[in-house]
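Participant:
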Amino acid sequence: MKESQLPDPEKIKYSFNLILFTKEEKLRNQASEFLRQLEQNEPQFLLSLLNIYENENTEVMRLQSLLLLKNAITRNWIKASIINGKRVNNLSEQLKAQVKESLVKQLSQNIALKERKILNQILQVIAKYDFPGKFQDLENYFITTLSSINQIMNVISNPIYDFIITLKTIEKEVSKNRLMAFKTQQKEFSQKVLQLFTHLWKNITQLQLQDLTKSSQFTCNVLLQKTSQKLDRILSYLAMPFHQEEDLQIISEIFKALLQKATELLKLYSNSEIIKIHLKTLLSSLTNLQQLYPISVGYSLQDFLTILRIILFLDVHENRLINIGLASLTRILKTHFYYCTKEQFKEIIPQPKLQVYIQLRELCHETFKEFFNTHIISLLERIIIINSSKRNQNIKEILEIEQDLMKKSNEDKDDVFESTYVLCEECEEQLISRFPQQIMSYLIENTQQLISTNYSVIKPDLMDSFFSLFGRTIKIQEKLKLQTVSVIPILNYLFQTENPEYYYRYIVLGKEFISRFSQSELEQFLEQIRIIVLKSNDIAIQIAGLDCINQVLNNQANKIDCQNFFNLQKIISLIYKILQDDDISHYIQVIINFLYLLVYNSFVKKTDQIQLTNDLLSNQSLINLFNIKISLIIENFCEMFKKLLISFSFGNVPDQLFQLAIIFISQNIQSNHHEILDLYLKLLYEFNKVINDNAIGFLLQSLFLKNENLLLQNLENNTTQYFILSMINELIILDLLPISNNLYQMLAQLLINAQTLNDIEQQVEMKNNCLNVIETIILQQIGSIDATFYGNLIVFLLKEFQNFQQTTLKSFKFIDLKTKVINILNIFIFKEEKYFMELFKENKVDKDQYFIQRQENSINIINKGYKKLNTIVTLLFFKFISQPIIKNFIEPVIKECIVEIQYEIDMQNGQYREQQIKNRLQYHNMEKVRLSKNRESFEREKLLERKLDYGKLNMQQIVVGTINQVMIQLSFQEMSQLIQDQNLLDQLNLLLDEC
C-alpha cells in the first residue's frame, strides 16, 4: 500500500452507520466493501480510525472504530509486498510510529472497560513484533507509571489495576517468543523494570496477606486480591528472558519469592475460594519457571516439591488445586528425567561454565532422588486414591474422557486444565518410567496379598485405579527384565463374580495384557469379553467391552479362529439398543471400529470366508442398524464403508463388500445425504468389470435406476449436483447407463441454467459438472460421432472460451473448466476439422486469437492422453493461422512435439510401458486419491486412450508433415532462425533426417 492522504472520517462513520443500522443487505455490503478497500489500499486508514476513536462521543462509534482498527492492524502490521524484487512493508515505519504513539496516549485516559480490553488486544498484536525494541513509547509508559505508583500511598485502585492488566497482557505475549535476538531485548526491559516492579509486588503482597489474615473470604478486598494475583504472573514473565546460568541469582530470587508467598497462602488456605484461585495461578507460574530453569531454581526445589506433596494430600474434592499439583509434579518428573544418573546428564546436557551452576545441578539431582525415594510409595498410593475418587463416580464419564482424549493432538492438551483422571494417568506414567523397580515391588507385593486374602486387602473403591496402574506397569516388565505376576488368576476371579463393577475392572486390566496372552488365553479372554458385553445392562461396560474387542482385533486378529468371529456377530443385535442412547457422540467411533474390524476380518479369513460373509449379508440386526435415520450414524457408517474399500487394493474389492454397501445405500439414498451419494460414487470408482461379478454391476445400475427420478429432481441443489452428475458419468463409462437424447438435452439445459446464476463460482462449478458428463458421452460415441448434432454445443463452448478472457477468477475450478472446454473442442477439431472451421467462419471467430488464447490455457492440461491430443490439434491449426503467429509459436510448439515423440518412443518399450501402467495403478491405489472428493476416474483414462486410438497415430509423421507444410510459407533457414534453443534445433534436424 502506498502512503496517501487521510481518508475522510465522516465517510467511514457513515459506513459504520449503514453496517450497524440499515436493513438493506445491498447497502450493508457496499459499506463493508468500501471499508475493506480502504484497509487494503489506504495505509492512513489506521489514523482515520484513531481520529474517530479520539474525537467521537458515541460509545458504539468508538467501539466500532477500535474493533476495525484491531482487525486492520492484525491483518496488516507485518504484511509486505514484493516491489521491483524487494520486500516492502505495506505500513511504513513512520505510520506505525504515529499509530503506536496515539495508542499509548489512550492508556493514560479514563476509558470504558470494553474499550480498554480492545486497546490491550491491539497493543498485544503490535507487541508480538515490536516490543520492546521498536516500541519505545510503551516501554517509557511502563517505566514512568511504575515509578509514579511506587511514590503514592494508595496502590489499590482501578486505574492501577488497568495498568497492571496492560502490562500482564504485553508480557504474556512477548514471553512466547523464545528467539535469542528477541529474548535479549526482553531481558533488557526486564532489567529496567524489575527493581521498580519488585517494590510494587512486595508492597501489594504484604497488603494482601494482611487483608487475608484480618478478613474472611467474603469481606476481603477483591480488587487487592485480583491485583496481587496478576502481579504474581507478571513477575514470572519478567524472569523468563534471563539466562539460566548467567542470571542464576535473579531467577533463584524470583522463584524463591513466589514460593514463599505460596507457602504463606497455604497456611491461610482454610478452604478459601479466593486463596484457591490465587494458589492455582502461583503454582502454575512456579511450574513454568521450574520447567524453564530446572537447575536455576534448585535451591528451592525441595520446598517446591514439599508444597506439591501437601497439595496432593488435600481433600480430594479440591479438584483445581489437585489438578495443578498433579500437573506440576508430572512436569518436574519430565524435566528432571536427564538428571536421574550422572552418566546421563554428562553425556546429553551441555556442560555449564560456572562452578556454582555445576554444584547446583548436583544438588538438584540429589534433591530429586532423595525426595522421590522417600515419598514414591505414598505419592503413588495418593494418586491411586485421587484417581479412584473420579473413576468410581461414573464409568460412562471415564469412557467419554478416554474417547475425547484420543481425538486430541498434543497441541490441544493443557495439562493444567485436563481432567483429574487424565492427569493421574500421566503422573503415574512418569513415575513408572522413572522408578520402575520400586513401583513393581509395590505392585507385586500388593497383588500377592490380593490373591492370598481373596481380594480383601485393598478397599473395593481403590481396585479400579490399582488395576489400571497394574496393567500399565506390565509394559516395562519385559523391557527391564523385572519379576512378573500372572494376571490370569485375577481375571478369572473378576469374571466369576458376575458383578458389574468387577466386569469393568476385568476389561480395564485385561486389555493391558492382550499382546502377552497365549493363543488359548486370548481366545478365552475374547469369549469372556463377549459374554460380559452381552450380559451387562450398563452401556458404559458394553462400550468398554467393545473397545477391548477392537484392541484384540486390531493387534491379534490372526490368532482368532472363525468360530470366534461367528460368535462376535451376535453382538450386532446389542448395538442397535446402544445407538438409541441420547448421546452417542463420545463412543460412536468405538461401535463403528468394532463393525469395521468384524466385517473386514470376515472378508479376509481364509477358512469359512463364504459362510462368514453370507452370515453378515443376511444378518438382520446389521440391516436394522443401516436403517437408523440419524445423521451422525449415517455419516459414520459411510466413513466405515470408505475405510473398508481402501483396506483392499484398488480394483480388488470383494463382491460381498459391494453387496453390503449397496444394502446400506439403498436404505438411505432417499435422504439425499451427500455422504451417501459420495459413498455410492466411491463404489462406482472401485468397481472392476474384470474382477468383480457382473451381478455387482447390475446391482449398482439398479440402485441408480430405482432412484433416478428422485436424484434428478435434486440436480438444481448445489450440494448434491456434483455427486449425481459424477454418478451418471461413471455409470456411462462402465456401460451401466445408456446414452439417450433426453440425457443430453437435460445436460444442455443445465448449462443454460448455469448462465443465469449470479454467483460466478457456482456458475463455474455447475458448468464443470455438466461438461464432465458431456465429455464422456462424446468419447463413448466418438466412433460414430455426428458433429452437426453437437453444433450448438460447439458454438456455446467457443463463446464460453472467448469469454474466459473477461473473467478474472483464478480458482482451481475455473482452470479446470477452461481445460475441459479446450479438451472437448480439441476432440471435435481432431474428428471433424472441416466442419469445425466452418463454424469458426459462421461465428466470426478469429483463428489467430483463438490459437493464442488456446496456447495460453493449454499449459494446464495434465492428462497424458489429452496432452497428446492437444499437441496434434496444435499442429493441425498451423494450416489455418497467419505467418506472424506461426513465427511466434513455432519454437514452443516444436519443443512440445519433441517431448510427445520421445514419450511415444519410450512407450514402444514394453518394460517402460508396463512401468507406466504400474505407476498409474499405484497412484489410483493411494488412500488420499481414493478418498478424494475430486477423484479422477481410472476407467475414464482407459476410455480416453481406447476411443481416441492413439496407437494408430505416428507423432513423428504428423510433426514432419506439419513442418513441411510450414516450410511452404517459411524456408527451413528462416524457420531455424526463429528457434533460439540450439539443442531443440539439433533434435529437429535429426527428426527430419530420420524421416
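Residue 740 in full-length UniProt numbering sits at position 740 of the sequence shown, with consecutive numbering throughout.
Ideal placement from N, C-alpha and C gives every residue a C-beta, glycine not left out.
Predicted, not measured: the structure shown is a model, and the values here were computed from it.
For residue 511, report the span of its beta strand (DSSP E) as first-last.
Facilitator: Note, residue 511: premise wrong, no beta strand (DSSP E); not H, not E.
Participant: With DSSP run on the structure shown, which of helix, strand or coil describes residue 707?
Facilitator: coil
Participant: Taking a contact to mean a Cβ-Cβ separation below 8 Å, would you say residue 169 touches residue 204 in this structure?
Facilitator: no
Participant: Check the DSSP bridge columns for residue 80 and list the partner residues they point to.
Facilitator: 89
Participant: Could you spell out the range, first to last residue, of the alpha helix (DSSP H) harbouring residue 243?
Facilitator: That residue, residue 243, is in no alpha helix (DSSP H); it is neither H nor E in DSSP.
Participant: DSSP state of residue 220, grouped into three classes?
Facilitator: coil
Participant: With a threshold of 6 Å on Cβ separation, who are the neighbours of residue 393 within its own chain once the five nearest residues in sequence on each side are excluded?
Facilitator: Bear in mind that the predicted position of residue 393 carries a pLDDT of just 46, short of 50, making it unreliable; the figure below should be weighed with that in mind. Answer for residue 393: no residue qualifies.
Participant: Report buried or exposed for residue 361, applying the criterion of at least 16 other Cβ atoms within 10 angstroms of its Cβ.
Facilitator: Buried, because 16 or more other Cβ atoms sit within 10 Å of the Cβ of residue 361.
Participant: If you count every other CB in all the chains shown that lies within 10 Å of the CB of residue 982, and 16 or more means buried, which is it?
Facilitator: exposed
Participant: Which full runs of the alpha helix (DSSP H) of 4+ residues lie inside the region 614 to 685, going along the chain?
Facilitator: 620 to 626, 631 to 646 and 655 to 668
Participant: Under DSSP, the alpha helix (DSSP H) around residue 36 begins and ends at which residues?
Facilitator: Segment 25 to 41, the alpha helix (DSSP H) holding residue 36.
Participant: Going straight from the alpha carbon of residue 500 to that of residue 544, what length do you get?
Facilitator: Roughly 12 Å between the two C-alpha positions.
Participant: Where are the alpha helix (DSSP H) runs, 4 residues long or more, that stay fully inside the region 526 to 578, in chain order?
Facilitator: 539 to 556, 562 to 568 and 572 to 578
Participant: According to DSSP, simplified to helix, strand and coil, what is residue 837?
Facilitator: Three-state DSSP puts residue 837 in a helix.
Participant: Helix, strand or coil for residue 845 per DSSP?
Facilitator: coil
Participant: Rounded C-beta distance between residue 44 and residue 5? I'm assuming under 8 Å.
Facilitator: Between residue 5 and residue 44 the Cβ distance is about 7 Å, and since that is below 8 Å, they are a contact.
Participant: Quick test of your reading: residue 283 and residue 255, contact by CB under 8 Å. State the CB separation rounded to the nearest angstrom.
Facilitator: Rounded, the Cβ-Cβ distance is 12 Å, inconsistent with contact.
Participant: Just to confirm the assignment, what range does the alpha helix (DSSP H) spanning residue 180 have?
Facilitator: 180 to 214
Participant: Count the other CB atoms within 10 Å of the CB of residue 8; is the residue buried (16 or more) or exposed (fewer)?
Facilitator: exposed
Participant: On a Cα-Cα basis, can you pick out the residue from 49, 23 and 12 that is closest to residue 33?
Facilitator: 12
Participant: Going by the beta-carbon positions, is the gap between residue 119 and residue 138 smaller than 8 Å?
Facilitator: no
Participant: Return helix, strand or coil for residue 133, following the three-state DSSP convention.
Facilitator: coil
Participant: Have a look at 955, 921, 512 and 675 and flag the residue whose alpha-carbon is nearest the alpha-carbon of residue 906.
Facilitator: 955
Participant: Rank 707, 122 and 873 by C-alpha distance to the C-alpha of residue 100 and give the top, closest one.
Facilitator: 122
Participant: Exposed or buried, residue 327, counting other C-beta atoms within 10 Å across all chains shown (16 or more means buried)?
Facilitator: Counting other Cβ atoms within 10 Å of its Cβ, residue 327 reaches 16 or more and is therefore classed as buried.
Participant: Thinking C-beta only, is residue 873 closer than 8 Å to residue 826?
Facilitator: yes
Participant: Here's the rule I'm using: 16 or more other beta-carbon atoms within 10 Å means buried, otherwise exposed. How should residue 421 be labelled?
Facilitator: buried
Participant: With three or more C-beta pairs closer than 8 Å as the rule, is the region 664 to 680 touching the region 706 to 715?
Facilitator: yes
Participant: Note down the Cα distance separating residue 723 from residue 919, rounded to an integer number of angstroms.
Facilitator: 27 Å
Participant: Tell me whether residue 341 is buried or exposed, calling it buried when 16 or more other Cβ atoms sit within 10 Å of its Cβ.
Facilitator: Confidence at residue 341 is low in this model, with a pLDDT of 49, below 50, so the placement of that residue should be treated as unreliable; the coordinate-derived value is given next. When all chains shown are included, residue 341 counts as exposed.
Participant: Can you tell me whether DSSP reads residue 392 as helix, strand or coil?
Facilitator: Any reading at residue 392 needs caution, since the residue's pLDDT is 45, under 50, leaving its predicted position unreliable; the model's value is listed next. Coil at residue 392, not helix or strand.
Participant: Would you call the region 808 to 822 and the region 778 to 793 touching, i.e. three or more CB-CB distances under 8 Å?
Facilitator: no
Participant: Just the Cα atoms here: how many angstroms apart are residue 209 and residue 229?
Facilitator: 12 Å
Participant: Report the CB separation of residue 644 from residue 597 in whole angstroms; it is logged as a contact under 8 Å.
Facilitator: Contact flag wrong, Cβ pair sits at about 10 Å.
Participant: Can you round the beta-carbon distance between residue 296 and residue 248 to whole angstroms, since I take them to be within the 8 Å contact cut?
Facilitator: 5 Å
Participant: Please tell me whether residue 76 and residue 91 are closer than 8 Å, where the distance is taken between their beta carbons.
Facilitator: yes
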